[in-house]
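Sequential numbering from 15 applies to the sequence shown in our numbering. Note that the Cβ used here is the ideal one computed from N, Cα and C, for glycine as well. Have a look at the structure below before the remarks.
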Amino acid sequence: MPIGYLDVPTGADLNTKEELVKAIYEAIREAYPFPDDTRIFLREWPLDSVSQNGLLGSEPARPAFVAHVPEGVDADTKRTMLQKLNTAVAKAYGLPWFITFLHEHSLDLVAVDGVVLAEDQQRVEAQHQAYS
């Protein structure tokens, strides 16, 4: 269920992006092993579409990652995942000020194919076992 949006400057080649999404996936997968449905969207921003501190086009976009994840993962696991995410983005872009936001969602706030996940008892039990 984890879904991530990585906002970055333009310019990385395809090989770099492939390595990056693989590293992000592996970091997220270690923290959130169930279900195996992790989606990562790369959003590239040209210099003239980025304002930082009120200045348009003053510098390349500072990478930012927003991830929607299930509740239930302990702080140490999240800390490890965040360090791995930071390492992967730094390797790919070498830019300062990488920021990550984790939006945790309970299963009663997420639906797949129109079905609220909290209403699927098998799904609830499987997630509890995976994150315990």
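Per-residue DSSP class, three states only, for residue i
i: D21; result: strand
i: V129; result: strand
i: T114; result: strand
i: L123; result: helix
i: L61; result: helix
i: Y107; result: helix
i: A144; result: helix
Backbone CA spacing between residue i and residue j [nearest angstrom]
i: T94; j: L28; result: 26 angstroms
i: L34; j: P60; result: 19 angstroms
i: R76; j: E40; result: 22 angstroms
i: F48; j: Q141; result: 6 angstroms
i: G86; j: S72; result: 40 angstroms
i: T114; j: A78; result: 6 angstroms
i: Q136; j: V64; result: 44 angstroms
i: A152; j: S146; result: The shown model of the chain, from 15 to 146, leaves out residue 152, and the question about it has no answer.
i: T91; j: S120; result: 18 angstroms
i: L96; j: P16; result: 14 angstroms
i: L116; j: D88; result: 13 angstroms
i: A144; j: L123; result: 19 angstroms
i: T101; j: L109; result: 11 angstroms
i: L70; j: L99; result: 27 angstroms
i: T24; j: V130; result: 37 angstroms
i: G68; j: E32; result: 32 angstroms
i: D127; j: D134; result: 12 angstroms
Contacting residues, own chain, Cβ-Cβ under 8 angstroms from residue i (five flanking each side not counted)
i: G18; result: I38, I42, T52, R53, I54, F55, F79, V80, A81, H82
i: R57; result: Y19, L20, D21, V22
Cut-off 7 angstroms between Cβ atoms - residues of its own chain near residue i, not counting five sequence neighbours on either side
i: V138; result: L121, A132
i: W111; result: R76
i: A45; result: V87, T91, K92, M95
i: Q66; result: S72, E73, R76
Near the ligand NAD: residue i beta-carbon under 8 angstroms from a heavy atom
i: E118; result: Questions concerning the ligand NAD fall outside what the structure shown contains, since it holds no ligand whatsoever.
Residue i - partner residues in DSSP beta bridges
i: L56; result: L20
In chain order, each beta strand (DSSP E) run of at least 3 residues that lies wholly inside the stretch 64–96: 78–84
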